[in-house]
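K.L.:
Residue numbers (this note's numbering): 1108 to 1439. Each residue gets a CB set at the ideal place from its N, CA and C atoms; glycine is no exception. One structure, pasted below without further comment.
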Amino acid sequence: MKNILLITTGGTISSIVSKEGLVPSNSQEILKEFGLHNLDINLSVLDLMCKDSTNISPKDWVIIAKAIYNNLKKYDGIVVTHGTDTMAYTTSMLSYMIQSPSIPVVFTGSQLPISHPLTDGISNLHYAFAMASSGIPGIYMAFDRKIILGCRAVKVRTTGFHAFESINMKSVGTIDSKGLGISKLFKIPEKKESVLNTKYDDNIILIKLIPGLNPNIISSLIKTGIKGIVIEAFGIGGIPFEDNDFTMPIKEAINKKIPVVVTSQCLYEESDFSIYEVGNKVLELGVIPALDMTTEACVTKLMWVLGQTNDYNTIKNYFQQSIAGEINVKEL
């Protein structure tokens, strides 16, 4: 029988009704509705925090990471309940903060409180416990019969139960009438010594380009002391250089050793700034391509990397390698 730890952080799955709307509760609310029948596990519980995931901050990531890391050798698997709105950011950041976890660490949540008669919370917990009992190490998300690598998950729906998708990578596993099935395309990680590194710098900004956006916004951000910039460009990789010329402020940032990471606004497939003139011009300046990373994985990776180094070339090297499966590495 597997020893599994349930860590609760709040979120919709534990929420109860109040005069001001749904507010998160703790494991008592979850276990009252979920029960432990039909679970072939020994379950322990740690109520770590009680937050709506909208209020989750980088400081909370550190608390969650340390709680997980400190229990890796005590259990066969860990399940973490979390609000859905920022869960993809959390699973991405923890993929960097806890490298080579020795056991499965599975995040889950729900679109309806677990006390609701139509809740998806009970089934999502079953999926999470199944993956946590699998013995396959890594940071994962279990939601709506899918197991997704933590740094590949993105929330794509506000109310539908099919809330998360695995972006630019097939789901790690699925649940059907045969039980939990792991994809043959998924390369099971080798068991290595787990490493905890919670250093980060969250003084970064994400800019989504729109037609007509004033490029001086970058110059203004530089004056605030910003440490890093992520730009969601158009299509496969396009940044304006005519009426709204972004090349000069980007050059200004890079000259000041502020890393500028560029990705696409498109959810699927990789960006490639080498194809069009509107992409090549910024590549020549020294921007850092994010290739097929999700925005959540890209933003959190930049935060984490800035916690390790301020050297621009070293930062660029980090983005040319996969730490936890967040990027499909190719020759840059």
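(1) Buried or exposed: where does glutamate 1438 fall if 16 or more other Cβ atoms within 10 Å of its Cβ makes it buried?
(2) Cutting at 6 Å between CB atoms, please list the residues of its own chain near isoleucine 1243, excluding the five before and the five after it.
(3) Please determine if the stretch 1108 to 1120 and the stretch 1186 to 1195 are in contact, where contact requires at least 3 C-beta pairs separated by less than 8 Å.
(4) Could you spell out the range, first to last residue, of the beta strand (DSSP E) harbouring serine 1199?
(5) How far does the beta strand (DSSP E) with methionine 1156 in it extend, from its first residue to its last?
(6) On the premise that valine 1385 lies in contact with valine 1369, defined as a C-beta separation below 8 Å, what is that separation, rounded to the nearest angstrom?
(7) Using a Cβ-Cβ cutoff of less than 7 Å, which residues in the same chain neighbour threonine 1416 once the five nearest sequence positions on both sides are dropped?
(8) Going by C-alpha to C-alpha distance, which of Met1410, Glu1359, Asp1154 sits closest to isoleucine 1311?
(9) In three-state DSSP terms, what is serine 1326?
(10) For the beta strand (DSSP E) that serine 1125 lies in, which residues bound it at each end?
(11) With a CB to CB cut of under 8 Å and the five nearest residues on each side skipped, what residues in its chain are close to phenylalanine 1381?
(12) For the putative contact between alanine 1431 and glutamine 1206, defined by C-beta atoms under 8 Å, what is the C-beta separation to the nearest angstrom?
(13) Suppose only complete runs of 4+ residues qualify. What are the alpha helix (DSSP H) ranges in the stretch 1347 to 1407, listed by chain order?
(14) DSSP state of lysine 1139, grouped into three classes?
(15) Report yes or no: do three or more beta-carbon pairs, one from the stretch 1248 to 1262 and one from the stretch 1397 to 1406, lie closer than 8 Å?
(16) Who pairs with alanine 1237 in a beta bridge, going by DSSP?
(17) I'd like the span of the alpha helix (DSSP H) that includes threonine 1421, first residue to last.
(18) With C-beta atoms as the reference, is glutamate 1359 less than 8 Å away from serine 1326?
(19) Measuring CA to CA, which of Tyr1419, Tyr1234, Trp1168 is closest to serine 1284?
(20) Using alpha carbons as the reference points, say which of Asn1362, Glu1297, Asp1352, Asn1231 lies closest to isoleucine 1329.
(21) Quick one: grab the DSSP three-state call for aspartate 1283.
(22) Isoleucine 1317: buried (16+ other C-beta within 10 angstroms of its C-beta) or exposed?
(23) With the cut-off set at 8 Å, would you say aspartate 1451 and phenylalanine 1236 are in Cβ contact?
(24) Please go through the same chain and pick out, in chain order, the residues whose beta-carbon is closer than 7 Å to the beta-carbon of lysine 1334, but skip the five residues on each side of it.
(25) Would asparagine 1304 and methionine 1204 be called neighbours here (beta carbons separated by less than 8 Å)?
(26) Give the straight-line distance between the Cα atoms of glutamate 1339 and cysteine 1405, rounded to the nearest whole angstrom.
(27) Output needed for leucine 1292: all residues of its chain with C-beta closer than 8 Å, excluding positions within five of it in sequence on either side, in chain order.
(28) One question on the structure: do glutamate 1050 and isoleucine 1221 come within less than 8 Å of each other, judged by their Cβ atoms?
(29) For tyrosine 1247, which beta-bridge partners are listed by DSSP?
P.N.:
According to the structure shown:
(1) In the sequence shown, residue 1438 corresponds to position 331, counting from 1. In this prediction, glutamate 1438 scores a pLDDT of 48, lower than 50, which makes its location untrustworthy; the coordinate-derived value is nonetheless stated afterwards. The residue is exposed, with fewer than 16 neighbouring Cβ atoms inside 10 Å.
(2) What you label residue 1243 is simply residue 136 of the sequence shown in a count that begins at 1. Pro1211, Ile1295.
(3) yes
(4) Locating residue 1199 in the sequence shown gives position 92, counting from the first residue. Counting along the chain, serine 1199 falls outside any beta strand (DSSP E), though it belongs to the alpha helix (DSSP H) covering 1194 to 1204.
(5) Looking up residue 1156 in the sequence shown gives position 49. Residues 1148 to 1158.
(6) Translated into positions along the sequence shown, residue 1369 becomes position 262. Translated into positions along the sequence shown, residue 1385 becomes position 278. Wrong, their Cβ atoms sit about 11 Å apart, outside the cutoff.
(7) Taking the sequence shown and counting its residues from 1, the one referred to as residue 1416 is at position 309. Correct list, in chain order: Ile1422.
(8) If you number the sequence shown from 1, residue 1311 lands on position 204. Among Met1410, Glu1359, Asp1154, the Cα nearest to that of isoleucine 1311 belongs to Met1410.
(9) Stepping through the sequence shown from its first residue, residue 1326 is reached at position 219. Serine 1326: helix per DSSP, three-state reduction.
(10) By one-based count along the sequence shown, residue 1125 stands at place 18. From DSSP, the beta strand (DSSP E) with serine 1125 extends over 1123 to 1125.
(11) Start at 1 with the first residue of the sequence shown, and residue 1381 comes out as number 274. The sequence given here has serine at residue 1381, not phenylalanine. These residues qualify, in order along the chain: Gly1344, Asn1387, Leu1390.
(12) Here residue 1431 corresponds to residue number 324 of the sequence shown, with the count starting at 1. Here residue 1206 corresponds to residue number 99 of the sequence shown, with the count starting at 1. At roughly 7 Å, the Cβ-Cβ gap stays under 8 Å, so alanine 1431 and glutamine 1206 are in contact.
(13) 1354 to 1362, 1384 to 1390
(14) Stepping through the sequence shown from its first residue, residue 1139 is reached at position 32. Reduced to three states, the DSSP call for lysine 1139 is helix.
(15) yes
(16) As a first step, residue 1237 must be located in the sequence shown, where it is residue number 130. Beta-bridge pairing links alanine 1237 to no other residue.
(17) Position 314 of the sequence shown, counted from the start, is the residue given in the question as residue 1421. Looking at the DSSP string, the run of the alpha helix (DSSP H) that includes threonine 1421 is 1419 to 1425.
(18) Your numbering for residue 1359 matches position 252 in the sequence shown. Your numbering for residue 1326 matches position 219 in the sequence shown. Against a cut-off of 8 Å, the Cβ pair of serine 1326 and glutamate 1359 comes out as a contact.
(19) To locate residue 1284, count along the sequence shown from 1; it is residue 177. Checked all of Tyr1419, Tyr1234, Trp1168; the closest Cα to serine 1284 is Tyr1234.
(20) As a position in the sequence shown, residue 1329 is number 222, starting the count at 1. Of the candidates Asn1362, Glu1297, Asp1352, Asn1231, the one whose C-alpha sits nearest the C-alpha of isoleucine 1329 is Asn1362.
(21) Position 176 of the sequence shown, counted from the start, is the residue given in the question as residue 1283. The answer is strand: DSSP assigns aspartate 1283 an E or B state.
(22) On the sequence shown, position 210 is the one that residue 1317 refers to. Looking at its Cβ environment, which holds fewer than 16 other Cβ atoms inside 10 Å, isoleucine 1317 is exposed.
(23) The structure shown does not extend to residue 1451, since the chain is modelled only from 1108 to 1439, so the question has no answer here.
(24) In the sequence shown, the residue the question calls residue 1334 occupies position 227. So the qualifying residues of the chain are Asp1308, Asn1310, Ile1311, Ile1365, Leu1413.
(25) Walking along the sequence shown from the start, residue 1304 turns up at place 197. Walking along the sequence shown from the start, residue 1204 turns up at place 97. Taking 8 Å as the Cβ cut-off, asparagine 1304 and methionine 1204 qualify as a contacting pair.
(26) As a position in the sequence shown, residue 1339 is number 232, starting the count at 1. As a position in the sequence shown, residue 1405 is number 298, starting the count at 1. About 10 Å.
(27) By one-based count along the sequence shown, residue 1292 stands at place 185. For leucine 1292, where only same-chain residues beyond five positions count, the Cβ hits under 8 Å are Lys1277.
(28) No statement about residue 1050 is possible, as the shown extent of the chain runs from 1108 to 1439 and does not include it.
(29) For this step, residue 1247 is matched to residue 140 along the sequence shown. Per DSSP, Val1213, Leu1256.
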